[in-house]
Structure formats: C-alpha cells, structure tokens
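Those protein sequence lines, which keep their order, are chains A and B. In this text, residue positions in the first sequence follow this note's numbering: the first is 5, and each later residue adds one. In this text, residue positions in the second sequence follow this note's numbering: the first is 2, and each later residue adds one. We treat Cβ as the ideally placed atom computed from N, Cα and C, and that holds for glycine. Computed from a predicted model, the values in this text were never measured in an experiment. Have a look at the structure below, then the notes.
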Amino acid sequence: MNCLQNILAVFRRERIIWAKRPIYFVGSVLIVAFCSVFYLTFLQSGVPTGLPIGVVDNDHSSLSRNFISQLDATPAAEVRIFDTYPEARVEMQRGRITSICVIPEGMYRDVSAQKQPEMTFYINGLYFMGGSLAYSDLLTMINLTSGAVQRQVLRMKGMNDAQIMGMIKPVELDTHMIGNSTMNYGAYLGSMMIPGVLEMVMVVLIVYSLGTELKYGGSRRLMELSGGSIGVALLGKLILYTIFFFLLGVTIEMLLYSWCHYPFAGSVWYMFLDVFLLVLASEAMGITIISFCPVLRFALSVSSLYTVLAFSLTGFTLPLEAMPEAFQYVSAIFPLKHYYQFFVQEGIFGTGFTGWWQEVCHFLIFLIFPMLGIHRLKHAYIYQDYEQI
Amino acid sequence: MKGMIKYLREWFKDTLNIFNSELKTIITDEGVMVIVIVAGLLYPILYNMIYQKGILEETPVAVVDRADCSESREYIKEVDACREVRVAYRCTDMEEARKLFQEREVNGIIYFPEDFGVRLANLQTSTLSVYTDLSSFLYYKNLLLAADFVMLHNIGKIQIERYSRLGMTEQEAMQLVKPVVYEENNPYNATFSYSIFLISAILLLIVQQVMLYSMSICVGTMREQNRSFCSLVDTYGGKGVGRVILGRGMVYWCIFMIIGIYIATIVPAIFDFPQRGRFWNILLLLEFFVTDCVFFSMVWSSLITKRESVFLLMLFISPICLFLTGFSWPATSFPVFWKYFSYIFPSTFACRGFINLNTAGGDLGTIYFQMRGIALQTIGYFILSIVLLYYEHYRLKHKSRLSKIREDITDMVVAGQMKFDKKVDEDIAHIREIVGKNKLSQ
C-alpha cells in the first residue's frame, strides 16, 4: 500500500515536471510529428516519375525519333536530348541525368539490313532509385523495339497476332510483390523510418529525464518520495512515459496503416503490441545507458551515438546478411531491429502469433538489462557524487 | 596610423583570446569530445565497415517446379548460377515454399506452372511466376534481376529455335530476335553497390552534423553558466562583432577542416573506396563547405539555451538531411516544399558536390551549381549570425540592467529604506537568491 502511494507521489511529481518544462513535449511529440510529415510527404508519390534520361541521337531517323518519343511517354522517364556524348557525360557527372542512351549512326539503315546496330547505355549508378529505375526503363524500351521489328517481319510472313505473340514472347514473367504490391517506396521507408525516429526520441528522452535528476540535484527528493527504493522511483517516473509513448506509437501505426492505407497484411492490433514492446525495450535501453554512465552530458552523447546507428543496423535498407558477421550480432541490441522483424511477419506475411512470438521474447530480454546497472543509478541518485553539470 | 596599428594589434589579441577560450571550452568538455572523436573520427570508419561489401549476393530462393520439363530445369540451373540468387530449396508444392518464405528461410519463390512445358511446345506464351517480399528492396531487386536476366537469355534461345522451324537460318533468326543489340555501362558503380550510394552521401554529412552538435553543446553550456557566446561584444559595447565571429569560427574551421580532410580523403583510401577526384578540387569544396557549416552552426546553435536540449531537438535532423542529399529518392522528384527546405542545409549541396567530384570523377565545372549554392548560403548565414550576435548582445545588456535594478531594490529593502508586505518579501528573497547565484558564477 505504502509502495503504491510512493509510486503515485513520484508520478505526480513527474507530471508537474512535464507541465513546467516544455522541452519534454517539444522533444517528443513535435519531433515525431515533424518527421512523420516529412517521411509521408517526401515519398508521397511512391515511385519517382519524370527521371531525366539523356539521349544522344546520332541517327535522326524515323525509328530513332519514334524510340525517343516512346521512351519519353513512359511515366518514369523524361528525355533530354544532347548533341554529343561528352555534353551528356558532363551532365551525368553533375548528377543531373540518371542515364545516357547513345543511338548509333545509321541505326534505321542497319535494322532494315538486319545488321544488328548497337545502342550504348550509360547508367549513373550513384543515385540509388534514379539509376536503377532508368536502367529498367531503358531495357524495357529496347525489348519493345525488338518486339516491334519482329512483329513487322512476321506480319509480312502472314502470321496472325496470336501466333506472333507466341513467337515474340515465348515466356512471360509474372511478378508478385508480397507486402507491397504497388512497390510503394514511401510505404516501405515510412513504415520503418517513423518508428525509428520514435525509438530515437524515446531513448534520448529517458536518458535526459533520468539524468536531469542528477544534474539539477532533484534525485534526493525523488528518492525521498519513493521511500528510498530506486524501483519505485523508476516505476513512478516511467508510468507517465510509457503511457505517453505508447499513445504516440499507436498514433503512428494508425497514421501509417489506417490513414495513409499503406499495405498491411495482418492485424494492426498486433502492431500495437509491437510498438508497446518497442516502447518498453527503448526505455530499458535508456535506463541502462544512464545507469552505466550516470553523468548527463556523457550519457546523452552516448545515447545519441547509439540511436543513430539503429537505422543502419536494422537491416531494412541493406539487409543484415550483406554486412560483416560481427554487425549481425551487434544489431540485436537495437530494439528497432526486433520491431522490424515483428513488422515483417505481421505486416508483410500476416502470420500472426506463430510468426513473431520469438521477437516478443527478444523484446522481453531487453527488460533484464536495466537490472544489471540499476544499483549504480541508485548510488548516484543518493550520493550525487558524480560530476554535476 | 598609430591608432590603426594599435587597433589592429588589439583586434588580433582579442581574436586570439576568443580563439583560445573557445578551444579550451571544446577540449575540456567530455560530452563534446565524445561526439567529435566517436562521431567525427570513428563513425566514418564504422559506416564503411558496415557497408563495406555493399552488395547482397546469393539471396536464397525456393523453386516450385510443377512442369518438370527440360526448359524449366535449364532455367533453374541458370538462375542458381547467377551471382544474385541461390536456389536453396526445391519444393513440391506452393504450400511448402510459402512456409519456408514465411519462416524467412528463403526470400523469394520461383514457380513453374504445370503447363509451362506444354505451352512452350505449342508455340504459345508460358507464364512463370516470381514471388518476392518487400521487407527490403534489395531482395526484390536481386530476384527480379536474376529472373529477368535468365528469362531474356532463354527467350532468345527459344525464339531462335522457333524461327529455325519457320525455315530461317540461325544467323537470320538471331538477327531477327535481336534487331538492335545494346551495350550497357555503369561507369561509377559497376556492381550497383549500396555502399557507394550511401557512403558518398554520408561522409560530408557527418562533418556538418558533428559540427552542429558540438557548437550547440558549447553554446548551451556557456548559457547555463551564465556566460554567453558573445561575451566580448558585451565589454566592447557592440563593437567587437568581427572578433567574436572570426575567433569562434576559426576554432571550428580548423578542427573540422582536419576532420573533413580525414573523412573525404583518408577514410575512402583506407577502404579502397573509389577516389576519382583531384585532391585540390576536393580540398576547395571542403574549404567552402566547412566555412558554410561554421556559420550554419552558429545560427542554429544560438537557439539552444541548455546543453542537453541539443540532442532532444537536433538529433532527428541527421536522417532527414541524408534523404535531402537525394542519394536515394532522386532530387528531380522532390516535392517542391522539401526541395526548397533542403536549401537550408549545407550538406544538400556539399554531398552532391562530393559525389560529382570524388565518385563520378568530375572537374570543378561539374560542381559549379553546388559551389554557387554553398557560397550564397555562406553569405546568408554569415549575415544572420551577425544579426543574432547583436540580438544576443542587446538581450544580455537588457538582462544585466534588470538584475542591477533588482539588486538595488534588494539592498534598499535589506537596509530598511523600503517596506513591502509579505508577498513582496518573498519575491525579494527570491531575487536575492538569483542575484547571489549570479555573483557566485561570475
């Protein structure tokens, strides 16, 4: 009973701190809101369109003009004509065009004479999406041109369209993209970047909140209120954070899958569980960091260095198996990685409990971490014997 | 003339003093040093290590071959031989493959329907299905690349066979199947390695962010200790702006030029990262960029009143800046608002400039637009930082006058020359407490 009263007392104190210091609100809600707006609007169109493709037309024939206008008509491409290759190359080095297509002199003549003229592509591989999309667009166009030439010849041989189709296209590839059928880049990145920002905010804010007690000397009062128990002190403080962050997390999930209708295979209710576990694990990491270095200035630097790495080591961009082995193990200490694995199971495959129960266990392991160093925090809270500034 | 020399001498002395005191602030602050050393020196190495390989190879796939004909077997063999994909499992039905897929044992499924061979024999179009998950774009890219490549190859073979049946010679058939051949070049990133996209963009971004964080921490610390980043102007009555800005700026400029050269030239050399640019060109870009970053950081750091708020308020900017360099989502497809928003950050120009110079091997002409952007930005931020310095000076003067008045009142009350009721007494006690603290810290 006494314990419960202490928790309540700490909780009330924390509420007053929140009300008095706007940085808690600004540092969490406003930042998450800004980042959500950024990632949702920045990648809004899903797939980039109008990529500038440079074309050097040395042929100037009806065939080459037809090729250019059809390339320009594809939604992905926007053709820019250059007179010479060096001009186009400089533009590519400037990063202003995604690729160059050089149409050889006498292409039309050579095609008619069945001499197989050679087109040359130069892909700007320095820009991830632009380069690869322009590349696939050019390949498609080349194949369509081949098809058109073949069709003309076969028609002359007196074949009907069904027969021609079998000749031109003996095999067709039918692609199914599980979990994101429209290949929406915004959904793919937004689903991970926004929870990533949430994790970042949570770890830093927890370290800040627990660390300011040391810096401004409020920790003795806190320990008094909690009856000398660090567990009660943390519980009282963290109840508020947990509720608050969980609500923030739920809002994010609703925003992504309910409001923006990003593709989602399973049940959003399970994602609430995922985000709840992310909140708990991030708080646990925050407590662990401040416990092991109970100096605010130092702990904040450490926590920011830690959270920034999470984006890379989660493996949603470059998968973990393409990284050196050591990093594949290191990645386990980021709650975001387990959130991602959970999301893949629920959001992409819709497996339900059987798919993600292991991730729940991994998340729960995080809750053990704070216990390893909590005595250090208690010591620091009572004696305040670390450097104060 | 004599006065001029005296002025200059004083000017240099003051600038040097500010330089020294700022340098001392940075070096003695362990929070700043951790950021500078770990983020500035170790993170470039760490990121290079993480993305060293940069290409995903041998993505495991499951094959469901219901057709079991010579064409499908040939196809599977060829897909397995591709660098991108490895056939990890052969399943008898989709159910089994789907289970492996969900358990993440494989990242894709290739499915041949029963009529695959029959339709081919009948000169019809056969369909072959590829399933891939989009948990990472690279799985999708690998599987599609391999499936497409093998398919095009096989199509060519099948077509030539079919045309031969129509009575064409092999040469004629080949010319008809491929009326236009093509040669592809990917001069800057032959393997489409992820590390080259990301590392080129991230290197200079690290310089900007580390400088912003460290300067903001210093400003926050000074303000907490009741000092200010424009302490000299205060004593000079608003005349020493140049000294303060140059003195402080030089410290950061020197430190971050060293870090910049390290990040832009030494780190890539350690990891055999392509270095196609000329050293002097890169140095020129760095000089422009670091100067810009100094004023950029001065402006934004002046918003910070407490050192801890830096991390709460500024950390989230790093990933946003990375996207704004356009390394992933092409800059030509930026929404208009974010396009202009990206002009706030020096990294938007500098990272693109670095990619053009270092990775694409361009000369100074190729970074003309970026250099112009950086120059304009530098001028803008320089003017803003002067304005903010004057504002800070005005604020401080105002503040000190206020506290002087409070002190006088307190003294009068203490001496019994003025009388107040109980509430005002409390206020006075509070004021005395504050004034006492100020005196202590001075």
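Looking only at DSSP bridge pairs, what is residue 109 of chain B linked to?
Numbered from 1 along the second sequence, position 108 holds the residue referred to as residue 109 of chain B. BP columns for residue 109 of chain B point to B:133.
With the cut-off set at 8 Å, would you say residue 63 of chain A and residue 107 of chain A are in Cβ contact?
Reading the first sequence from its first residue, position 59 is the one you call residue 63 of chain A. Reading the first sequence from its first residue, position 103 is the one you call residue 107 of chain A. Yes. Within cutoff.
Any chance the segment 50 to 60 of chain A sits against the segment 76 to 90 of chain A, with 3 or more Cβ pairs inside 8 Å?
Yes, the segment 50 to 60 of chain A touches the segment 76 to 90 of chain A.
For the alpha helix (DSSP H) containing residue 204 of chain A, name the first residue and the last one.
What you label residue 204 of chain A is simply residue 200 of the first sequence in a count that begins at 1. First-last of the alpha helix (DSSP H) with residue 204 of chain A: 189 to 219.
Is the shortest distance between the beta-carbon of residue 202 of chain A and the beta-carbons of chain B less than 8 Å?
Taking the first residue of the first sequence as position 1, residue 202 of chain A is located at position 198. No - not a single Cβ of chain B is within 8 Å of the one on residue 202 of chain A.
Using 10 angstroms around the beta-carbon of residue 162 of chain A, count the other beta-carbons present and answer buried if the total reaches 16, otherwise exposed.
Residue 162 of chain A sits at position 158 when you count from the first residue of the first sequence. So residue 162 of chain A counts as exposed.
Hey, is residue 304 of chain A's beta-carbon within less than 8 Å of any beta-carbon in chain B?
Stepping through the first sequence from its first residue, residue 304 of chain A is reached at position 300. Taking Cβ atoms only, chain B reaches closer than 8 Å to residue 304 of chain A, which makes this a yes.
Using a threshold of 8 Å, state whether the C-beta atoms of residue 216 of chain B and residue 253 of chain B are closer than that.
What you label residue 216 of chain B is simply residue 215 of the second sequence in a count that begins at 1. What you label residue 253 of chain B is simply residue 252 of the second sequence in a count that begins at 1. Cβ atoms of residue 216 of chain B and residue 253 of chain B: closer than 8 Å.
Looking at residue 347 of chain B: is its Cβ nearer than 8 Å to the Cβ of residue 294 of chain B?
As a first step, residue 347 of chain B must be located in the second sequence, where it is residue number 346. As a first step, residue 294 of chain B must be located in the second sequence, where it is residue number 293. In contact: residue 347 of chain B and residue 294 of chain B (Cβ atoms closer than 8 Å).
Using a cut-off of 8 Å between C-beta atoms, extract the partners of residue 94 of chain B located in chain A.
Stepping through the second sequence from its first residue, residue 94 of chain B is reached at position 93. The contacting residues do not exist; residue 94 of chain B stays about 16 Å from chain A at best.
Is it right to say residue 90 of chain A is buried, meaning 16 or more other beta carbons lie within 10 angstroms of its own, or is it exposed?
As a working mapping, residue 90 of chain A is identified with position 86 in the first sequence. Burial call: exposed.
Any residues in the segment 107 to 124 of chain B with a beta carbon nearer than 7 Å to a beta carbon of chain A? Which ones, in chain order?
Going along the segment 107 to 124 of chain B in chain order, one finds 121, 124 with a Cβ nearer than 7 Å to chain A.
Could you confirm whether any beta carbon from chain B is found closer than 8 Å to the beta carbon of residue 392 of chain A?
Your numbering for residue 392 of chain A matches position 388 in the first sequence. Here residue 392 of chain A scores only 45 on pLDDT, less than 50, and its place in the model should not be relied on; the value that follows carries that caveat. Answer no: the Cβ-Cβ gap between residue 392 of chain A and chain B never drops below 8 Å.
Determine whether the Cβ of residue 211 of chain B lies closer than 8 Å to any Cβ atom of chain A.
Within the second sequence, residue 211 of chain B is the residue found at index 210, counting from 1. Residue 211 of chain B does not count as touching chain A.
Is the shortest distance between the beta-carbon of residue 53 of chain B and the beta-carbons of chain A less than 8 Å?
The count along the second sequence starts at 1 and reaches residue 53 of chain B at position 52. Cβ-Cβ to chain A under 8 Å: yes for residue 53 of chain B.
How long is the line joining the alpha carbons of residue 315 of chain B and residue 207 of chain B, rounded to whole angstroms?
Walking along the second sequence from the start, residue 315 of chain B turns up at place 314. Walking along the second sequence from the start, residue 207 of chain B turns up at place 206. Taking the straight line from one Cα to the other gives about 14 Å.
Identify, in the order they occur along the chain, each residue of the same chain with its Cβ nearer than 6 Å to the Cβ of residue 393 of chain A, setting aside the five sequence neighbours on each side.
Against the first sequence, residue 393 of chain A aligns to sequence position 389. In this prediction, residue 393 of chain A scores a pLDDT of 40, lower than 50, which makes its location untrustworthy; the coordinate-derived value is nonetheless stated afterwards. Cβ neighbours of residue 393 of chain A beyond the five flanking positions: none.
Determine which residues of the segment 117 to 128 of chain A have a Cβ less than 8 Å from any Cβ of chain B, and write them out in chain order.
Cβ contacts with chain B come from 118, 119, 120, 121, 122, 123, 124, 125, 126, 127, 128.
With a threshold of 8 Å between beta-carbons, can residue 149 of chain A be considered close to chain B, or not?
Within the first sequence, numbered from 1, the residue matching residue 149 of chain A stands at position 145. Output row for residue 149 of chain A: interface = yes.
DSSP state of residue 13 of chain B, grouped into three classes?
Locating residue 13 of chain B in the second sequence gives position 12, counting from the first residue. Helix.
Within 10 angstroms of the Cβ of residue 102 of chain A, are there 16 or more other Cβ atoms? Answer buried if so, exposed if not.
Numbered from 1 along the first sequence, position 98 holds the residue referred to as residue 102 of chain A. By the 10 Å Cβ count, residue 102 of chain A comes out buried.
For residue 18 of chain A, return the contacting residues in chain B, with the cut-off set at a CB-CB distance below 9 Å.
Counting from 1 along the first sequence, the entry for residue 18 of chain A is found at position 14. Chain B residues near residue 18 of chain A: none, gap ~17 Å exceeds 9 Å.
Kindly indicate which residue of B:98, B:224, B:115, B:168 has the alpha-carbon position closest to the one of residue 400 of chain B.
As a first step, residue 400 of chain B is located in the second sequence; it is residue number 399 there, counting from the start. Of the candidates B:98, B:224, B:115, B:168, the one whose C-alpha sits nearest the C-alpha of residue 400 of chain B is B:224.
Ignoring anything shorter than 4 residues or poking outside the segment 86 to 145 of chain A, list the alpha helix (DSSP H) runs there in chain order.
As far as the segment 86 to 145 of chain A is concerned, its whole alpha helix (DSSP H) runs of at least 4 residues are 89 to 97, 111 to 116.
Who are the neighbours of residue 327 of chain B on chain A, taking C-beta pairs under 9 Å?
The sequence position of residue 327 of chain B within the second sequence is 326, counting from 1. What residue 327 of chain B touches in chain A: 99, 131, 134.
Taking C-beta to C-beta, are residue 281 of chain A and residue 364 of chain A nearer than 8 Å?
Counting from one through the first sequence, the residue named residue 281 of chain A turns up at place 277. Counting from one through the first sequence, the residue named residue 364 of chain A turns up at place 360. Result yes, Cβ atoms of residue 281 of chain A and residue 364 of chain A sit closer than 8 Å.
Under 8 Å, Cβ to Cβ, is there at least one residue of chain A near residue 160 of chain B?
By one-based count along the second sequence, residue 160 of chain B stands at place 159. True, the Cβ-Cβ gap to chain A drops below 8 Å.
Of the choices A:168, A:23, A:45, whose alpha-carbon is the least far from that of residue 338 of chain B?
The residue given as residue 338 of chain B occupies position 337 in the second sequence. With distances taken between Cα atoms, residue 338 of chain B lies closest to A:45.
Note down the Cα distance separating residue 385 of chain A from residue 215 of chain A, rounded to an integer number of angstroms.
Residue mapping note: residue 385 of chain A aligns to position 381 of the first sequence, counting from 1. Residue mapping note: residue 215 of chain A aligns to position 211 of the first sequence, counting from 1. Each residue's Cα considered, the two are about 10 Å apart.
Does the separation of the CB atoms of residue 76 of chain B and residue 131 of chain B fall below 8 Å?
Counted from its first residue, the second sequence places residue 76 of chain B at position 75. Counted from its first residue, the second sequence places residue 131 of chain B at position 130. Cβ distance not < 8 Å, so residue 76 of chain B and residue 131 of chain B don't count as in contact.
Near residue 442 of chain B, which residues of its chain fall below 7 Å by C-beta distance, leaving aside the five closest residues on each side in sequence?
Locating residue 442 of chain B in the second sequence gives position 441, where the first residue counts as 1. A caution first: residue 442 of chain B carries a pLDDT of 47, below 50, which makes its placement in the model unreliable, though a value can still be read off. Answer for residue 442 of chain B: 226, 227, listed in chain order.
List the residues of chain B that residue 341 of chain A touches, going by C-beta distances under 8 Å, in chain order.
In the first sequence, residue 341 of chain A corresponds to position 337, counting from 1. Within chain B, no residue comes near residue 341 of chain A; the closest Cβ sits about 12 Å away, beyond 8 Å.
Contact defined as beta carbons within less than 8 Å: I believe residue 275 of chain B pairs with residue 360 of chain B. What is the distance between those atoms, to the nearest angstrom?
Position 274 of the second sequence, counted from the first residue, corresponds to residue 275 of chain B. Position 359 of the second sequence, counted from the first residue, corresponds to residue 360 of chain B. Going by Cβ atoms, the distance from residue 275 of chain B to residue 360 of chain B rounds to 6 Å, so yes, they are a contact pair.
In three-state terms, what does DSSP make of residue 180 of chain A?
Counted from its first residue, the first sequence places residue 180 of chain A at position 176. In this structure, residue 180 of chain A counts as strand in the three-state DSSP scheme.
Are residue 182 of chain A and residue 128 of chain B close, meaning C-beta to C-beta below 8 Å?
Taking the first sequence and counting its residues from 1, the one referred to as residue 182 of chain A is at position 178. Taking the second sequence and counting its residues from 1, the one referred to as residue 128 of chain B is at position 127. No.
Note down the Cα distance separating residue 112 of chain B from residue 99 of chain B, rounded to an integer number of angstroms.
Translated into positions along the second sequence, residue 112 of chain B becomes position 111. Translated into positions along the second sequence, residue 99 of chain B becomes position 98. Their Cα atoms are separated by approximately 11 Å.
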